[in-house]
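Chemist: Below is the structure I would like to discuss, written out as structure tokens.
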Amino acid sequence: MKKKTPLMAVFCVFLASCSSQNLKPICPQIAPWSADFQKQAAAEIRANPGLVALPEIARQDVVLRDQVRACQAGK
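Numbering-wise, the sequence shown is residues -22 to -1, 1 to 53 according to mature numbering (1 follows the signal peptide of the UniProt record, and there is no 0).
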């Protein structure tokens, strides 16, 4: 048991000296939409009230863009 004590002490010192790496998130790039494009998209969605999928896609895209902006701000 006495021979294991120095080995354990060295092992504990080794573990204590390890430092964790600072990992930086990899954020996807987003292409900005022009104001004219946003107005055109909104007008097309309003002009076609029967559309179901397209407005949901637009809502999800807005959420994803917000998440990417938050990721990029946290870098």
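Here a beta-carbon is modelled for each residue, glycine too, at the ideal position from N, C-alpha and C.
1. When you compare each of Pro3, Ser(-3), Ala(-14) to Ala51 by their alpha carbons, which one comes out closest?
2. Restricting to Cα atoms, I'd like to know which of Pro33, Pro6, Phe(-12) is closest to Gln16.
3. In the DSSP assignment, the alpha helix (DSSP H) including Ala20 goes from what residue to what residue?
4. Please report how far the alpha carbon of Ile35 lies from the alpha carbon of Trp11, in whole angstroms.
5. Taking C-beta to C-beta, are Cys5 and Val46 nearer than 8 Å?
6. For the alpha helix (DSSP H) holding Leu29, just list the boundary residues, first then last.
Modeler: Based on what the coordinates show:
1. Closest option to Ala51, judged by alpha-carbon separation, among Pro3, Ser(-3), Ala(-14): Pro3.
2. Nearest C-alpha to Gln16 among Pro33, Pro6, Phe(-12): Pro33.
3. Element bounds for Ala20: 13 to 25.
4. Rounded to whole angstroms, Ile35 to Trp11 spans 15 Å at the Cα level.
5. Going by C-beta atoms, Cys5 is nearer than 8 Å to Val46.
6. Secondary structure note for Leu29: it is in no alpha helix (DSSP H), with a DSSP letter that is neither H nor E.
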